[in-house]
Amino acid sequence: AQTVTQSQPEMSVQEAETVTLSCTYDTSESDYYLFWYKQPPSRQMILVIRQEAYKQQNATENRFSVNFQKAAKSFSLKISDSQLGDAAMYFCAYRDLSMEYGNKLVFGAGTILRVKS
Amino acid sequence: EADIYQTPRYLVIGTGKKITLECSQTMGHDKMYWYQQDPGMELHLIHYSYGVNSTEKGDLSSESTVSRIRTEHFPLTLESARPSHTSQYLCASQELGGAINEQFFGPGTRLTVL
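Spelled out as structure tokens, the structure:
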């Protein structure tokens, strides 16, 4: 079964600095999709960035970028110029077309990001 | 923010009560999901639906039931609440089609059963 591992339960970053959140996954599929979701305290979970496995180019969305290493099954999230509003729980998630349960997302356990002013 | 709503946001209820958690979306999405999330933990899928009159169980066993009579509405019901049901319940929706499609999440219902 596919699994997603986030090895950092908590991370801290100084405002305006850069932080990288780690994510590894396990799959035997060659075609799949990876996502980073952000869950601010008491607010809705929102999509931060997504990556298609067949694309070699790393996805970027403004201050957010990923380092996708397919061979290593690694999908880290880099947040540049961190802002107080970036403080949240970040979840890495995986999906492939072979999956049961309506092409469900498989989530990691999450990383709490704290931003210091 | 996404047009997906959940009510109530917080619910404290006694053991044995019947409860219904509401979820509505205005995006016309066919796929809808219910996840259970314990504090600081990952999400686990408990129910999903491909569209009207479609309901399926997820990979986490749950005593709850769901219905999908209208595209926009996907309520979750617990016939007899127990303390073990205490958790956060998140509803999500997604367009049919590619696996790259984003899932949109509601704000969640935090349920406490005494």
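Chains X and W, in that order, give the protein sequences.
In terms of our numbering, the first sequence is numbered consecutively and its last residue is 275.
In terms of our numbering, the second sequence is numbered consecutively and its last residue is 115.
The beta carbon of each residue, even a glycine, is placed where N, CA and C say it ideally should be.
Item	Value
Counting only beta-carbon atoms, is X:Asn220 nearer than 8 Å to chain W?	no
At 7 Å on the CB atoms, spell out the chain W contacts of X:Arg272, in chain order.	Neighbours of X:Arg272 on chain W: none; closest Cβ ~13 Å, over 7 Å.
Taking Cβ positions, are X:Gln209 and X:Phe233 nearer each other than 8 Å?	yes
Using 8 Å for Cβ pairs, my map puts X:Leu263 next to W:Glu103. What's the rounded Cβ distance?	Between W:Glu103 and X:Leu263 the Cβ distance is about 10 Å, and since that is not below 8 Å, they are no contact.
Should W:Ala82 go down as buried or exposed, given a rule of 16 or more other Cβ atoms within 10 Å for buried?	buried
Classify W:Pro116: buried if its beta carbon has 16 or more other beta carbons within 10 angstroms, exposed otherwise.	Residue 116 of chain W lies beyond the range of chain W shown here (2 to 115); nothing can be said about it.
Could you give the DSSP three-state label for W:His30: helix, strand or coil?	coil
Nearest to X:Gln239 by alpha carbon, out of X:Glu168, X:Tyr191, X:Ser223?	Looking at the sequence itself, residue 239 of chain X is Asp, so the reference to Gln does not match. When only C-alpha atoms are compared, the closest one is X:Ser223.
Along the segment 192-205 of chain X, where does the CB come closer than 9 Å to a CB of chain W? Name the residues.	Phe193, Tyr195, Gln197, Ser200, Arg201, Gln202, Met203, Ile204, Leu205
Quick check on X:Gly268 - is its C-beta less than 8 Å from some C-beta in chain W?	yes
So, at 7 Å on beta carbons, what are the nonlocal neighbours of W:Ser88 in its own chain, with the 5 sequence-adjacent residues on each side left out?	Gln37, Gln38, Asp39, Leu112
List the endpoints of the continuous beta strand (DSSP E) containing X:Ala174.	Neither: X:Ala174 is in no beta strand (DSSP E) and is coded neither H nor E.
Cβ of W:Leu97 within 8 Å of Cβ of W:Lys19?	no
Which runs of the beta strand (DSSP E), 3 residues or longer, sit entirely within the segment 39-66 of chain W?	44-50
Helix, strand or coil for W:Ser116? Go by DSSP, reduced to three states.	Nothing about residue 116 of chain W can be reported from this structure: the residues present for chain W run from 2 to 115 only.
Which of the three DSSP states, helix, strand or coil, is assigned to X:Asp244?	helix
Is the CB of W:Phe106 under 8 Å away from at least one CB in chain X?	yes
Starting from X:Phe193 and walking both ways along the beta strand (DSSP E), at which residues does that stretch end?	190-197
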